[in-house]
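K.L.:
Supplied in structure tokens, the structure appears directly below.
There are 4 protein chains.
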Amino acid sequence: MTDTEYPSISEQLDDVASAREEGRRKMDWAAQHMPICEHVREEFVAEQPFEGERIGMAMHVEAKTAILVETLAEGGAEVAVTGCNPLSTHDDVSAALEAHENITSYAKRGVDDEEYYAAIEAVIAHEPTITVDDGMDLVAAIHEDHPELIDGIIGGAEETTTGVHRLRAMDADGALEYPVFAVNDTPMKRLFDNVHGTGESSLASIAMTTNLSWAGKNVVVAGYGYCGKGVAKKAAGQNANVIVTEVEPRRALEAHMEGYEVMPMAEAAAVGDVFLTTTGNRDVVVEEHFEKMQDGVLLANAGHFDIEIDLDALDDLAVDRYEARDGVEAYEMDDGRRLNVVAEGRLVNLAAPVSLGHPVEVMDQSFGVQAVCVRELVESVEPRAADASGDEPRASDVYDAGVHDVPDELDKEIAEIKLEAEGVDFDSLTETQHEYMDSWDHGT
Amino acid sequence: MTDTEYPSISEQLDDVASAREEGRRKMDWAAQHMPICEHVREEFVAEQPFEGERIGMAMHVEAKTAILVETLAEGGAEVAVTGCNPLSTHDDVSAALEAHENITSYAKRGVDDEEYYAAIEAVIAHEPTITVDDGMDLVAAIHEDHPELIDGIIGGAEETTTGVHRLRAMDADGALEYPVFAVNDTPMKRLFDNVHGTGESSLASIAMTTNLSWAGKNVVVAGYGYCGKGVAKKAAGQNANVIVTEVEPRRALEAHMEGYEVMPMAEAAAVGDVFLTTTGNRDVVVEEHFEKMQDGVLLANAGHFDIEIDLDALDDLAVDRYEARDGVEAYEMDDGRRLNVVAEGRLVNLAAPVSLGHPVEVMDQSFGVQAVCVRELVESVEPRAADASGDEPRASDVYDAGVHDVPDELDKEIAEIKLEAEGVDFDSLTETQHEYMDSWDHGT
Amino acid sequence: MTDTEYPSISEQLDDVASAREEGRRKMDWAAQHMPICEHVREEFVAEQPFEGERIGMAMHVEAKTAILVETLAEGGAEVAVTGCNPLSTHDDVSAALEAHENITSYAKRGVDDEEYYAAIEAVIAHEPTITVDDGMDLVAAIHEDHPELIDGIIGGAEETTTGVHRLRAMDADGALEYPVFAVNDTPMKRLFDNVHGTGESSLASIAMTTNLSWAGKNVVVAGYGYCGKGVAKKAAGQNANVIVTEVEPRRALEAHMEGYEVMPMAEAAAVGDVFLTTTGNRDVVVEEHFEKMQDGVLLANAGHFDIEIDLDALDDLAVDRYEARDGVEAYEMDDGRRLNVVAEGRLVNLAAPVSLGHPVEVMDQSFGVQAVCVRELVESVEPRAADASGDEPRASDVYDAGVHDVPDELDKEIAEIKLEAEGVDFDSLTETQHEYMDSWDHGT
Amino acid sequence: MTDTEYPSISEQLDDVASAREEGRRKMDWAAQHMPICEHVREEFVAEQPFEGERIGMAMHVEAKTAILVETLAEGGAEVAVTGCNPLSTHDDVSAALEAHENITSYAKRGVDDEEYYAAIEAVIAHEPTITVDDGMDLVAAIHEDHPELIDGIIGGAEETTTGVHRLRAMDADGALEYPVFAVNDTPMKRLFDNVHGTGESSLASIAMTTNLSWAGKNVVVAGYGYCGKGVAKKAAGQNANVIVTEVEPRRALEAHMEGYEVMPMAEAAAVGDVFLTTTGNRDVVVEEHFEKMQDGVLLANAGHFDIEIDLDALDDLAVDRYEARDGVEAYEMDDGRRLNVVAEGRLVNLAAPVSLGHPVEVMDQSFGVQAVCVRELVESVEPRAADASGDEPRASDVYDAGVHDVPDELDKEIAEIKLEAEGVDFDSLTETQHEYMDSWDHGT
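Chains as they are written, first to last, in full-length UniProt numbering: chain Y, 1 to 444; chain Z, 1 to 444; chain W, 1 to 444; chain B, 1 to 444.
Structure follows, in structure tokens:
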């Protein structure tokens, strides 16, 4: 293990043993419902594809991610991991990871900003040859502060919509200096994790934080991308009346044609009972909206950062502010209206006190893709010679610097593993059908 | 307050003050979303309909029920309350209730059987003139052990499907000696509480206990009554593949025509991922079913009693048994399969560690009906003379001994209050339309 | 066959043979998808329960009803039938029925009022011992004009919501002089025919008449009874935004909690794209509503009579009126707005040019219930002695004069036949479970 | 007008005047519900963008397409049009088009193969400078038999999934010699036309052809692309139990996670009640499947060509074959099972006798995109000089030969026009939000 001044989680806890036991129990439950990762893990154990590699990870450190971390470690990698959000770390899981000899975890819940970035630095001090990000913290820190490491990095993988968005912007500026797989953009991630994962877990988190129901509520969903579609669909599936706000006309039309009401936020503000932001953008719910809202509304965010609801403005407007329930902060207006912010406007399916993050099964899919992407990166470079120094360039022979879509075949491989695990059989094309689809000279 | 040896909750807690504060905070949140009870409370405060009455209650003592308890107390009644399930009491709410001078609460979480029934006796010792039950514990105890009180009882109200079922059986035997309103059977209760309340809160409780998702799961719903319909609808709304088991052919057909798969439990056992019982009957999932189930299934109950899943048989079959997560007990079979029981097979939306019970809004409807039913009972007897002794007969002039449907007008009144609170306006019949509906002599 | 001056359908057609062939082809298709009636028919053929009875029927005479008519005839009855709506008769089917020696049909499409009632008189001239109605035309005509026949009538069965409503009013007035089964009110009728049948066929009829789609449309459903629920559910299932109008607060609340918008018609008028009335009442859409409607709206009725949309008022408002398409009459307002009335405001799933009436399968259920109800009536009287005169009293030993619910056992029998035909198996209660449900003395 | 030996529709009809009147009435209805085309038409009338251009079209010639044809003609183009399917032409609409001086129509219903291709040749004889295809018949015929015209062609637009698929294959072979816009692939086409249009109209066509219902049916949807998703969603919305067959694992998984059953066709064959193919491929339902099917099943196709259901094989298996209803051919097996093929296995929403094609509103969206694509093509070349000969090269300055995606801005323009017409307002990004989305240097 590399030396670093920042203490690993085991060094920070009083009772490491019981934390590990509790963390292990959580991981066992997750593994029981993660057939894809378990399948990939078995392959990795047999093939040891990551022999000699160092993987740096900044992820939500809880039971499911931990299975990915272990899966990579069992493939032979030395793994250093930290959190990507100060509130999403489970210390017990973080500790349990360190039971594996190849893993160091710096993730700890509730760290302050300074500690948060120190932990990222600690991961970087391991001189990773591969980075795995959930919000591109590692990519950003390496490019900004440790450019000397870039030569030794094969590539990376990024999990989130927001991270990929920022990476693409960076790539467009010519500033991204190693290849990164946009895991977020694969069908296997977007169609399942974003739609089903975000949708179900955000709603369940809110329901179990507030004890309120969805039936008959006006639920305003800001943004109709994959996450927004998931939230809208699941809310309608609980008999809410869904109202969508959008800035892209085709998405707005898509929502309208789905049967939802579409209107500007300025209008929705006055009729909504619950507001859920999923845009990935800032200032989605702001002062002019707070002023119109009804007494007792809920405000929550299902986008990556806590910038969608302008809490500063809300705080300025409020004459009083208090904890109405665990996970609910009430802002009282001077006319007596109470606007209730769930989970401080952070990702509600991670940051609410009862939250457990995305459901196990959908993370299994995302992490399965992550795992085979990391293998793909390693397979795209010459194997490191036995006598190589750690800092020789590791440029991929296949992937240039920049954002890369996950190769379709990897994505399909994960889908096939999942279907097999679910006992779902499907058809395959006959030769004649293949030919037909490839040809173009058929008449009416 | 009546003397009784059983200590009230305030006498049992170490720090009553802080419990009361916490309980009050919970009650304030509930009240904020219970416009019906708040409306009725205002009427009761003004009218004091329960002056001189003593109301005995056995209910799930948590924030929402507490609003009903207070509402009745503020109408002038002396109220004694205890739990109707040892696991559903919130001690802080129980304590907060006693801040009201008219209320005594004996409800405490985690009491044993003896204490449970002692608390019921303590309520009965207050010699209630009205009983309000959630599972008919009070009615049963009074008829069995305190028949001398019956003369002084005006009537009662019963909240649950199961309780009403048992009361009707008792009534059919000629054994029910005072009138009881079957609150459960009103449209306002069955269509909302059972369908939306049970459905949403059961699913959210399971999701937040297990971190699993519904999308693509085979969810087996046992029973297609109101609760079963709610669970099935909400599960389908989360993209589960719903399988229904039933014993009544028309309900089975109804489920089939809704697009669900219908099959016997013996067949469903082999394909289900999650099993949710809602029948109100015993032995719905038994040994022969456990034997066929897949590894990793979830077993949960949304019916009143913990008798639907035969846990004794499961325990006999298991070679090991351990807590897989908070609220999940894993039973391991000799072939390695793990069957995971959520919340000990008790009402999952109440008994799981994260559970909050039915959503606030649907309880508001049920409790609104309860409140006006209690007023209806009181209005159906001659006002107690100022000099009356407490034990003179209080027979209702309107309602005979037996189970009574809630008068339609009361039920409608609650619907109107709710719609007004939601800002929903609706039509009314013109005179011509009234006449048309009443007449029969119109041609084609 | 009884003598009557009114000509039967065969006497009215030029080419009876080809009409019968065409009608038979339609009936064969229906029979192929009516497993319940086919099952009952086999029983009737074997048992001949209607030997010596005369059944008068006023029904929509098309392929499906024809299977019921045949089923009764094959049970030994002499059947006389006419239409219950001048636009719903298929002359070919009417003719095909007369191929059966026990059947006379007076139903003909497009008859005028005088002919319509003459045909009803022709049926009554057969001196029916049982009446089967779809809108109580026979019951009304017999009570008003042929009271002398009542003594010879065992009873009747009524198919529709509206008919049953009027019968109950008549019964309340003490004016109904023989027993009539309220087939409409059985679960097997209301839950399937009204919800699924009316819903699906009304929407498909409108779509195939107008070539318009439902996605994104504001569909205003007037009335949230069984029919309204079906229309609303199916429209939402085609991605319409459903708006419900109601006069009963609990139904209004039910719609609201389902996630629909609820508002008065006066408000809905301004935003609706399509208006569908299902109330059974008159004057549901009237002048003040027409004045607010948008250009291009559709107006259609799914209730029994063409009185829900006030076409006279619309005609008065219009400056022009023309056939915009087959089945669509455009009423042009002086400001250029065009309000399009589908199928003249008559039952849209029967009266639109492309309409085929309720789906075959749901009619199979209703007609199965009708058939066993008629058998039940016959079984409730002493068999007619061989030498009896036709006009001796035939009072049922079981059913008094008045409206009767269909006995539960008959209804369940039909459900079981259907499930068996669909290959759907279901559970049955064990003895222990039966006992449990019947008992009331079980503790928590 | 160009000379050609093939007669235009007006030359083929006996009563052109009454056909034109009837066709016009149909077109007026369509135009009333096509706000996008009406908006674009107004722009075209004002701008005359197609002055001097000749547009050749092969489309389903019915009311909606006719609005597109007119819209282009009113923009100044000389338009020659024929059908793209012998069964989809409405002769009255075809005739009505010729009332416009710029339009010649060769489309006639029920032509044989020879006539079909002669009509295509007749269109080509007009020497189009732009082609608009629905199945790439024009592109194919020009490339194969009239390569000399290619130099004079600016480009084309293709409407269908299948056409685009074949064009891409042709492009991959380097065989496509002018630019063609893949209209089918735009969000505005795929998300609305394919999902809502195909879904709703296919189901309504089947329902109104068979008089059967969807509730409780096992509906097997072959293919889970955009069309398949639409069919599945709309069938589930009518309470069918949807079963999906797929060959692509991610789509199979997507269907599974939606809550549908996924299985190979060989398995689905035995349980399906209705089979709907949407794959665009051949031999989807074949002999081995027919052998397993239940009596009374329906077989229908919603894919472009009638090759998905192997009717030859079915005919070979059948011992009898007859018209069970208009639009339904029954194939009787030797064991008595009847397999009912709807609309001869051709596109069911076009080819069934009652069919009206895609709903008006969704075609409005597709045709709006078509119209602005054609304008885009014209704007991408130098304006033709006043004295230019008709056959000088017209190469686009912007678009190379090959398949081109519709520029996003055009697609969005159509969405905005539609939203405005529907009265739906939506948000736009603030400058700060724009900047945020473009930047990447924001911390957690």
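Heads up, the beta-carbon is just placed ideally off N, CA and C, and yes, glycines get one too.
1) Please compile the residues from chain B whose C-beta is within a distance smaller than 8 Å of the C-beta of residue 281 of chain Y.
2) Going by alpha carbons, who is nearest to residue 308 of chain Y out of Y:171, Y:326, Y:265?
3) Note down, in chain order, every chain W residue with its Cβ under 7 Å from the Cβ of residue 416 of chain Z.
4) Are residue 172 of chain W and residue 131 of chain W touching if we call contact CB-CB under 9 Å?
5) Tell me the DSSP secondary structure of residue 349 of chain B in three-state form.
6) If we count Cβ pairs, one from each stretch, closer than 8 Å, do we get three or more for the stretch 273-288 of chain W versus the stretch 305-324 of chain W?
7) Below 9 Å between beta carbons: does that hold for residue 377 of chain W and residue 342 of chain W?
8) Could you check where the beta strand (DSSP E) with residue 158 of chain Z kicks off and where it finishes?
9) Could you check the C-alpha separation between residue 351 of chain Z and residue 255 of chain W for me, to the nearest Å?
10) Tell me which residues share the same chain as residue 236 of chain Z and place their Cβ nearer than 7 Å to its Cβ, disregarding the 5 neighbours each side in the sequence.
11) How would you label residue 106 of chain W, buried or exposed, when you count the other beta carbons within 10 angstroms and need 16 or more for buried?
12) Any Cβ of chain Y within less than 9 Å of the Cβ of residue 346 of chain Z?
13) Taking all protein chains shown into account, do 16 or more other C-beta atoms lie within 10 angstroms of the C-beta of residue 252 of chain Y, making it buried, or fewer, making it exposed?
14) For chain B, is any of its Cβ atoms less than 9 Å away from the one on residue 226 of chain Z?
15) Can the beta-carbon of residue 403 of chain B be found closer than 9 Å to that of residue 128 of chain B?
16) Which partner residues of residue 105 of chain Y appear in the DSSP bridge assignment?
17) Less than 9 Å separating the beta-carbons of residue 165 of chain W and residue 437 of chain Z?
18) Report the residue from Y:163, Y:261, Y:230 whose alpha carbon sits nearest the alpha carbon of residue 218 of chain W.
19) In chain order, what are the residue ranges of uninterrupted alpha helix (DSSP H) at least 4 long that sit wholly in the stretch 235-264 of chain W?
20) Return helix, strand or coil for residue 50 of chain Z, following the three-state DSSP convention.
21) At a CB distance below 8 Å, what residues from the stretch 201-216 of chain W approach chain Y? Give them in sequence order.
22) Comparing C-alpha positions only, which one of W:66, W:114, W:44 sits nearest to residue 94 of chain W?
23) Hey, which unbroken runs of the alpha helix (DSSP H) at 4 residues or more fall wholly within the stretch 122-178 of chain B?
24) Express the C-alpha separation of residue 358 of chain Z and residue 354 of chain Y in angstroms, rounding to a whole number.
25) Looking at the secondary structure, which residues open and close the beta strand (DSSP E) in which residue 289 of chain W lies?
26) Return the chain-ordered ranges of every alpha helix (DSSP H) run that is complete within the stretch 321-383 of chain Z and spans a minimum of 4 residues.
27) Is there at least one Cβ from chain B nearer than 9 Å to residue 263 of chain Z's Cβ?
28) For residue 201 of chain Z, which residues of its own chain have a beta-carbon under 8 Å away from its beta-carbon, when the five flanking residues on both sides are left out?
29) Looking only at C-alpha atoms, which of Z:71, Z:13, Z:55 sits nearest to residue 37 of chain Z?
30) For residue 282 of chain Y, which residues of its own chain have a beta-carbon under 7 Å away from its beta-carbon, when the five flanking residues on both sides are left out?
31) For residue 365 of chain Y, count neighbouring C-beta atoms within 10 Å of its own C-beta (all shown protein chains included) and say buried if the count is 16 or more, exposed if not.
32) Please report the straight-line C-alpha distance between residue 96 of chain Z and residue 83 of chain Z, rounded to a whole angstrom.
33) With 7 Å as the limit, tell me which residues of the stretch 299-331 of chain B have their beta carbon closer than that to any beta carbon of chain W; keep them in chain order.
34) Cα separation between residue 24 of chain Y and residue 177 of chain Z?
35) Could you give the first and the last residue of the continuous alpha helix (DSSP H) run that contains residue 23 of chain B?
P.N.:
With the structure as the only source:
1) To locate residue 281 of chain Y, count along the first sequence from 1; it is residue 281. The contacting residues are 429, 433, 436, 437.
2) Reading the first sequence from its first residue, position 308 is the one you call residue 308 of chain Y. Of Y:171, Y:326, Y:265, the residue nearest in Cα terms is Y:265.
3) In the second sequence, residue 416 of chain Z corresponds to position 416, counting from 1. Within 7 Å Cβ-Cβ: 249.
4) Working through the third sequence from its first residue, we reach residue 172 of chain W at position 172. Working through the third sequence from its first residue, we reach residue 131 of chain W at position 131. Result no, Cβ atoms of residue 172 of chain W and residue 131 of chain W do not sit closer than 9 Å.
5) Along the fourth sequence, read from residue 1 onward, the residue named residue 349 of chain B stands at position 349. Secondary structure of residue 349 of chain B (DSSP, three-state): helix.
6) The stretch 273-288 of chain W is in contact with the stretch 305-324 of chain W.
7) Numbered from 1 along the third sequence, position 377 holds the residue referred to as residue 377 of chain W. Numbered from 1 along the third sequence, position 342 holds the residue referred to as residue 342 of chain W. Not in contact: residue 377 of chain W and residue 342 of chain W (Cβ atoms no closer than 9 Å).
8) The residue given as residue 158 of chain Z occupies position 158 in the second sequence. That run of the beta strand (DSSP E) goes 155-158.
9) If you number the second sequence from 1, residue 351 of chain Z lands on position 351. If you number the third sequence from 1, residue 255 of chain W lands on position 255. Spanning the two alpha carbons is a distance of roughly 30 Å.
10) Locating residue 236 of chain Z in the second sequence gives position 236, counting from the first residue. 242.
11) One-based indexing of the third sequence puts residue 106 of chain W at position 106. Counting Cβ neighbours within 10 Å, residue 106 of chain W comes out buried, since at least 16 surround it.
12) What you label residue 346 of chain Z is simply residue 346 of the second sequence in a count that begins at 1. Not an interface residue.
13) Taking the first residue of the first sequence as position 1, residue 252 of chain Y is located at position 252. It is buried - the Cβ of residue 252 of chain Y has at least 16 other Cβ atoms within 10 Å.
14) Position 226 of the second sequence holds residue 226 of chain Z. So, not an interface residue.
15) Working through the fourth sequence from its first residue, we reach residue 403 of chain B at position 403. Working through the fourth sequence from its first residue, we reach residue 128 of chain B at position 128. No. Outside cutoff.
16) Position 105 of the first sequence holds residue 105 of chain Y. Paired residue(s): Y:81.
17) Position 165 of the third sequence, counting from 1, holds the residue named residue 165 of chain W. Position 437 of the second sequence, counting from 1, holds the residue named residue 437 of chain Z. Their beta carbons are under 9 Å apart, which means residue 165 of chain W touches residue 437 of chain Z by this criterion.
18) In the third sequence, counting from the first residue as 1, residue 218 of chain W sits at position 218. Nearest option by C-alpha distance: Y:261.
19) 249-258
20) Translated into the one-based positions of the second sequence, residue 50 of chain Z becomes position 50. Note: residue 50 of chain Z maps to coil in three-state DSSP.
21) 215, 216
22) Counting from one through the third sequence, the residue named residue 94 of chain W turns up at place 94. Answer by Cα proximity: W:66.
23) Look at the stretch 122-178 of chain B and you find these whole runs of alpha helix (DSSP H), each 4 residues long or longer: 137-145, 161-172.
24) Residue 354 of chain Y sits at position 354 when you count from the first residue of the first sequence. Residue 358 of chain Z sits at position 358 when you count from the first residue of the second sequence. C-alpha of residue 354 of chain Y to C-alpha of residue 358 of chain Z: approximately 17 Å in a straight line.
25) Reading the third sequence from its first residue, position 289 is the one you call residue 289 of chain W. No beta strand (DSSP E) holds residue 289 of chain W; the alpha helix (DSSP H) holding it covers 287-290.
26) 348-351, 360-379
27) Position 263 of the second sequence, counted from the first residue, corresponds to residue 263 of chain Z. So, not an interface residue.
28) Residue mapping note: residue 201 of chain Z aligns to position 201 of the second sequence, counting from 1. Once the five neighbours on either side are set aside, the close Cβ partners of residue 201 of chain Z are 349, 355, 356, 357, 358, 359.
29) Translated into the one-based positions of the second sequence, residue 37 of chain Z becomes position 37. Per the Cα distances, Z:71.
30) If you number the first sequence from 1, residue 282 of chain Y lands on position 282. Once the five neighbours on either side are set aside, the close Cβ partners of residue 282 of chain Y are 307, 308.
31) Residue mapping note: residue 365 of chain Y aligns to position 365 of the first sequence, counting from 1. Residue 365 of chain Y should be labelled buried.
32) Residue 96 of chain Z sits at position 96 when you count from the first residue of the second sequence. Residue 83 of chain Z sits at position 83 when you count from the first residue of the second sequence. Whole-angstrom Cα-Cα distance: 15 Å.
33) So the close ones are 324, 325.
34) Start at 1 with the first residue of the first sequence, and residue 24 of chain Y comes out as number 24. Start at 1 with the first residue of the second sequence, and residue 177 of chain Z comes out as number 177. Spanning the alpha carbons of residue 24 of chain Y and residue 177 of chain Z requires a straight line of approximately 57 Å.
35) Counted from its first residue, the fourth sequence places residue 23 of chain B at position 23. Unbroken alpha helix (DSSP H) run through residue 23 of chain B: 16-32.
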